[in-house]
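Working notes, structure below.
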Amino acid sequence: MTDKTVVTPVIMSGGSGTRLWPMSRQARPKQLRALMSDHTLLQETALRASGETGDVTFGDPIIICNAAHREEIATQMDAVGITPAAIVLEPVGRNTAPCAAAAAALMAETGEDGLMLLLPADHHIRDAEGFRAAVARAAGAARDGALVTFGIRPDGPETGYGYIRRGEKSGAAYSVDQFVEKPDRKTAERYLEEGLYSWNAGIFLFRADRLAEEMRGQCPEILDAAAAALKAALRSDGVIALDPAIFADCPSDSIDYAVMEKTSRAAVLPMDIGWSDIGSWSALWELAEKDEAGLAAHSDRVIAIGARNSYVRSDGPLVAALGVEDLIVVASGDAVLVARRDAVQDVKKVVEELKTRNRDDLV
Numbered sequence: 000m001t002d003k004t005v006v007t008p009v010i011m012s013g014g015s016g017t018r019l020w021p022m023s024r025q026a027r028p029k030q031l032r033a034l035m036s037d038h039t040l041l042q043e044t045a046l047r048a049s050g051e052t053g054d055v056t057f058g059d060p061i062i063i064c065n066a067a068h069r070e071e072i073a074t075q076m077d078a079v080g081i082t083p084a085a086i087v088l089e090p091v092g093r094n095t096a097p098c099a100a101a102a103a104a105l106m107a108e109t110g111e112d113g114l115m116l117l118l119p120a121d122h123h124i125r126d127a128e129g130f131r132a133a134v135a136r137a138a139g140a141a142r143d144g145a146l147v148t149f150g151i152r153p154d155g156p157e158t159g160y161g162y163i164r165r166g167e168k169s170g171a172a173y174s175v176d177q178f179v180e181k182p183d184r185k186t187a188e189r190y191l192e193e194g195l196y197s198w199n200a201g202i203f204l205f206r207a208d209r210l211a212e213e214m215r216g217q218c219p220e221i222l223d224a225a226a227a228a229l230k231a232a233l234r235s236d237g238v239i240a241l242d243p244a245i246f247a248d249c250p251s252d253s254i255d256y257a258v259m260e261k262t263s264r265a266a267v268l269p270m271d272i273g274w275s276d277i278g279s280w281s282a283l284w285e286l287a288e289k290d291e292a293g294l295a296a297h298s299d300r301v302i303a304i305g306a307r308n309s310y311v312r313s314d315g316p317l318v319a320a321l322g323v324e325d326l327i328v329v330a331s332g333d334a335v336l337v338a339r340r341d342a343v344q345d346v347k348k349v350v351e352e353l354k355t356r357n358r359d360d361l362v
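Position 82, counted from 1, in the sequence shown is what numbering that gives the first Met the number 0 calls 81; the numbers after and before it change by one each time, with no gaps.
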């Protein structure tokens with residue numbers, strides 16, 4: 000009987016999701032909201048990285064989050080029957096490389112010798128079984144020491160994502176020829192035509208010890224600070240509060256820049272799993288179930304008559320939308336957003352203006 004490879008999900012839940020304001024706020028960001036189903040995005044993430052697939056067994060997740068969200072995350076995990084291996088509290092946000100370093104140090108401390116699956120808490124994946132199968136296919140390369148990133152096969156010339164150009168195939172994965180920044184439209188069209196590029200989804204699989212070894216060579220200051228913050232952490236009932244002073248001094252960098260773009264061991268496994276980072280309200284409209292007029296309005300607090308190609312949602316007051324077209328209308332708590340679908344990229348400017356006005360109660 001083949002031994003199962005244990006994969007420990009490391010779920011990064013520290014983002015604030017300002018592009019989905021007013022529903023996503025600092026106190027309850029988008030990953031803690033139910034946007035696509037009865038489950039929150041965090042719950043969806045934890046559930047799809049669980050169970051067994053092929054030769055892979057998913058272990059209990061490590062969840063890295065803002066300290067203010069500790070109780071909400073514990074409650075949400077309990078609601079879906081998942082007991083985290085640890086909830087690691089970040090005193091300040093320091094991007095994804097310190098998250099990965101702290102998780103690798105924690106796995107080394109507990110003697111975990113399996114693989115580490117690093118993934119954001121706020122993405123939507125339609126095909127959960129396809130995702131698990133992709134992780135299982137990538138496990139061999141990761142066991143052999145590759146740092147695997149999962150690419151998304153593009154279905155259009157998207158300019159909002161970074162891209163990964165694949166090289167030669169080796170087993171289930173490919174070598175990485177190049178990580179490229181967000182392109183302009185013409186360049187994205189060329190990438191699509193060439194057929195060698197995937198979107199960078201920010202999901203990774205590697206051995207924890209192999210990641211630590213790579214970080215020792217590429218960004219030792221991040222590895223050392225994260226490990227020291229873990230060593231000095233306060234611990235209670237599965238909750239680990241990283242030392243605030245030490246972690247605050249840790250350089251802020253992404254795992255892409257700090258490690259993946261520098262290593263010679265990067266590999267990419269392209270997949271087609273119905274992925275979205277739900278990066279805007281228009282993206283959510285595209286994913287949502289719509290009627291024949293293109294209207295997505297599923298709340299019993301919405302009355303829409305003659306509305307077309309719009310997204311209308313409320314978790315607060317009743318919203319009536321009459322004859323509107325190409326609009327995003329979202330009422331949440333004490334704020335309402337009304338925007339054209341092609342203008343939702345400016346939602347973050349609203350958040351910036353609220354901060355300028357010292358309206359932290361609305362952010």
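The beta-carbon is built from N, C-alpha and C at its ideal position, and this holds for glycine as well.
(message) By the three-class DSSP mapping on this structure, what secondary structure does R131 have?
(response) helix
(request) Please confirm if the region 270-280 is in contact with the region 110-125, defined as three or more CB-CB distances below 8 Å between the two stretches. (result) yes
(request) Give the straight-line distance between the Cα atoms of F149 and R264, rounded to the nearest whole angstrom. (result) 14 Å
(request) Pick helix, strand or coil for T17, following the three-state DSSP scheme. (result) helix
(message) Please state the DSSP three-state secondary structure of R71.
(response) One detail in the question is off: residue 71 reads as Glu in this sequence, not Arg. Note: E71 maps to helix in three-state DSSP.
(message) I'd like to check one pair, D252 with A78: are the Cβ atoms closer than 7 Å?
(response) no
(request) Please name the residue, chosen from A226, A282, A84, E51, that lies closest to V238 on a Cα-to-Cα basis. (result) A84
(request) Could you spell out the range, first to last residue, of the alpha helix (DSSP H) harbouring P97? (result) 95-108
(request) For E70, decide whether its Cβ has a neighbour in chain C, counting only Cβ atoms nearer than 7 Å. (result) Annotation note: the requested chain C is absent from the structure, which comprises a single protein chain.
(message) Do L146 and F205 have their beta-carbon atoms positioned less than 7 Å apart in this structure?
(response) yes
(request) Please report how far the alpha carbon of K347 lies from the alpha carbon of A282, in whole angstroms. (result) 15 Å
(request) Classify P316 as buried or exposed, calling it buried when 16 or more other Cβ atoms lie within 10 Å of its own Cβ. (result) exposed
(message) Going by DSSP, what residue range makes up the alpha helix (DSSP H) through K185?
(response) 184-193
(message) Does V337 pass the burial test, meaning 16 or more other C-beta atoms within 10 Å, or should it be called exposed?
(response) exposed
(message) Distance check for F178 and L229, CA to CA, integer angstroms please.
(response) 31 Å
(message) On the DSSP bridge list, what partners appear for I151?
(response) W198, M270
(request) Name the residue from S298, A303, N308 whose alpha carbon lies nearest to the alpha carbon of K289. (result) N308
(request) Could you spell out the range, first to last residue, of the alpha helix (DSSP H) harbouring L222? (result) 219-230
(request) Have a look at T44 and A33 and give me their C-alpha separation to the nearest angstrom. (result) 12 Å
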